[in-house]
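Chains as they are written, first to last, in the working numbering: chain A, 1 to 223; chain B, 224 to 513. The beta-carbon is built from N, C-alpha and C at its ideal position, and this holds for glycine as well. Single-structure report; data block below.
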């Protein structure tokens with residue numbers, strides 16, 4: 001927290017959680033996909049569903065997927081901008097369960113190259129967000145720093161491969177989480193880093209035996 | 224950031240002006256230069272001015288519940304038949320302008336939150352104009368407002384969902400009151416007392432948005448927050464003291480917030496949201512797909 005959290009951020013209204021946070025969720029999903037979003041099927045849960053239209057949550061999510069920042073004055077007209085840039089989208093309601101944060105959303109995305117990504121995320125207040133799952137596997141990260149997400153088979157050695165690559169690239173790990181949906185089945189590791197992870201390091205991981213998918217959240221929009 | 228007014232008052236004894244002490248402390252923590260910080264704060268102040276200037280008196284929010292009121296008030300005040308004209312009238316108009324702009328999805332500065340974004344610009348822009356202050360003086364005063372917000376965030380909360388409206392409009396009002404007192408040449412003790420009186424006046428205010436939207440009563444509560452900031456500052460500048468010290472008022476706000484029922488903390492269930500009309504509006508909007 002600093003002084004500019006007290007006087008700021010500059011944002012398009014009306015709500016830091018339902019508008020600015022929704023833009024940030026869209027931004028993070030776009031960067032996780034790593035390419036232009038061609039189609040987005042968006043499912044609103046709880047308060048996002050109940051008060052989302054009045055707060056412009058729908059337009060904010062689409063704006064975020066288009067790469068607009070939280071203070072971009074095009075946010076209210078994002079549907080028109082999506083049509084112009086050829087991004088298709090749909091909205092529906094969903095019940096993500098009683099454990100889900102009231103301001104939650106599920107996004108099923110397809111990129112222009114056909115890459116697919118399913119994300120659930122929550123806006124947890126003051127514009128802060130949390131990415132709750134990627135492709136059905138639990139995660140818990142804020143999107144505030146470079147984040148590497150590796151899906152792999154649950155077998156020995158993958159953590160060492162990832163961490164030794166990061167050591168080689170001089171990337172310091174800020175936090176690390178491991179999840180699996182069963183012994184020997186699918187696993188995911190989420191590493192929040194202090195520096196950007198170089199592209200060639202990510203490509204090297206993608207070719208490893210047992211690594212199913214690598215998703216990377218960089219801090220810059222590479223479009 | 225300071226954790227208490229005691230810390231702030233100790234820092235105010237330095238040779239540097241208070242706002243500079245606040246800025247330099249933040250720069251150390253955030254590793255940015257004082258010049259960069261000042262530029263950023265000034266740019267933020269300019270956004271407040273742009274929002275005020277760009278107010279569209281014909282715009283309505285998506286729900287249709289708010290909009291056009293700042294224009295109505297301005298017209299009425301211009302007619303001359305006014306009780307609270309002059310400085311106070313302008314403060315009221317400006318609070319409505321920015322808060323309505325927020326509801327209409329315009330660009331605003333969350334200060335400290337989006338729902339309370341009209342309070343500080345209302346007081347600051349009017350003070351700049353009516354008291355003939357420079358933009359740099361206003362930027363300096365914005366640091367004082369931010370530091371007060373920091374103390375409240377540290378000891379209590381700035382979110383309606385945790386502390387009710389007292390944490391949003393109350394905090395914005397306290398920040399504006401302290402900063403206005405500083406701008407008017409008040410001592411650090413007066414800044415502290417203005418803050419304490421502003422927050423005390425709004426203690427217990429619940430967060431009860433109709434249909435869960437940042438519109439009713441949020442927009443009009445920005446007016447009371449802004450007016451309360453001016454009256455609290457005037458009292459402090461006159462030498463009136465708060466009987467309860469500012470730090471203890473903030474602690475009381477936290478304790479009141481935690482005693483507040485969940486229905487009165489941004490859930491859109493209790494208070495005005497729970498009145499027959501409030502519920503009717505909610506149902507109507509749900510029918511319209513809002």
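- For residue 320 of chain B, the enclosing alpha helix (DSSP H) has its first and last residue at 309 to 326.
- For residue 178 of chain A, the closest Cβ of chain B is not nearer than 7 Å.
- Cβ contact annotation for residue 488 of chain B (same chain, cutoff 8 Å, sequence separation greater than five): 383, 384, 385, 386, 387, 429, 430, 480, in chain order.
- When the beta-carbon positions are compared, residue 205 of chain A and residue 249 of chain B stay at least 7 Å from each other.
- Residues of the segment 266 to 300 of chain B that bring their beta carbon within less than 7 Å of a beta carbon in chain A comprise 267, 270, 285, 286, in sequence order.
- Counting C-beta atoms within 10 angstroms of its own C-beta, residue 51 of chain A has 16 or more neighbours from the protein chains shown and is therefore classed as buried.
- Check the Cα spacing between residue 147 of chain A and each of A/194, A/37, A/22: the tightest is with A/194.
- Within the same chain, Cβ atoms closer than 8 Å to the Cβ of residue 239 of chain B are found at 247, the five residues on either side in sequence being excluded.
- Under the 7 Å criterion on CB atoms, residue 2 of chain A is classed as interfacial with respect to chain B.
- The residues 57, 103, 105, in chain order, have a CB closer than 6 Å to that of residue 48 of chain A in the same chain once the five nearest residues on each side in sequence are set aside.
- Between residue 278 of chain B and the set B/320, B/289, B/254, B/295, the nearest pair of CA atoms involves B/320.
- Around the beta carbon of residue 178 of chain A, a 10 Å sphere encloses fewer than 16 other beta carbons of the protein chains shown; the residue is thus reported as exposed.
- At a cut-off of 7 Å between C-beta atoms, residue 77 of chain A does not count as an interface residue with respect to chain B.
- By the Cβ-count criterion, residue 438 of chain B is buried, with 16 or more other Cβ atoms from all chains shown falling within 10 Å of its own Cβ.
- Positions of the alpha helix (DSSP H) runs, each at least 4 residues long and wholly inside the segment 235 to 319 of chain B, are given as 241 to 253, 257 to 276, 292 to 301 in order along the chain.
- Beta-bridge partners assigned by DSSP to residue 110 of chain A: A/39, A/116.
- Segment contact: the segment 397 to 404 of chain B against the segment 446 to 453 of chain B, three or more CB-CB distances shorter than 8 Å; contact assigned.
- In terms of beta-carbon proximity, residue 175 of chain A stays away from the interface with chain B, with every pair separated by 7 Å or more.
- For residue 455 of chain B, the enclosing alpha helix (DSSP H) stretches over residues 441 to 460.
- Chain order gives the chain B residues near residue 51 of chain A as 434, 435, 436, 491, 513, where near means a beta carbon separation below 8 Å.
- For residue 325 of chain B, the nearest CB of chain A lies under 7 Å from its own CB, placing it at the interface with that chain.
- Taking C-beta atoms as the reference points, residue 16 of chain A and residue 333 of chain B count as a pair closer than 7 Å.
- For residue 365 of chain B, the nearest CB of chain A lies under 7 Å from its own CB, placing it at the interface with that chain.
- Between residue 308 of chain B and residue 296 of chain B, the CB-CB gap reaches or exceeds 7 Å.
- Contact annotation: in the segment 329 to 351 of chain B, residues whose CB is within less than 8 Å of a CB in chain A are 329, 330, 331, 332, 333, 334, 335, 336, 337, 338, 340, 343.
- When the Cα atoms are used, residue 198 of chain A and residue 167 of chain A turn out to be separated by approximately 12 Å.
- The Cβ-Cβ distance between residue 121 of chain A and residue 25 of chain A falls below 7 Å.
- At a C-beta separation below 8 Å, residue 45 of chain A has no neighbours in chain B, since its nearest C-beta there lies roughly 14 Å away.
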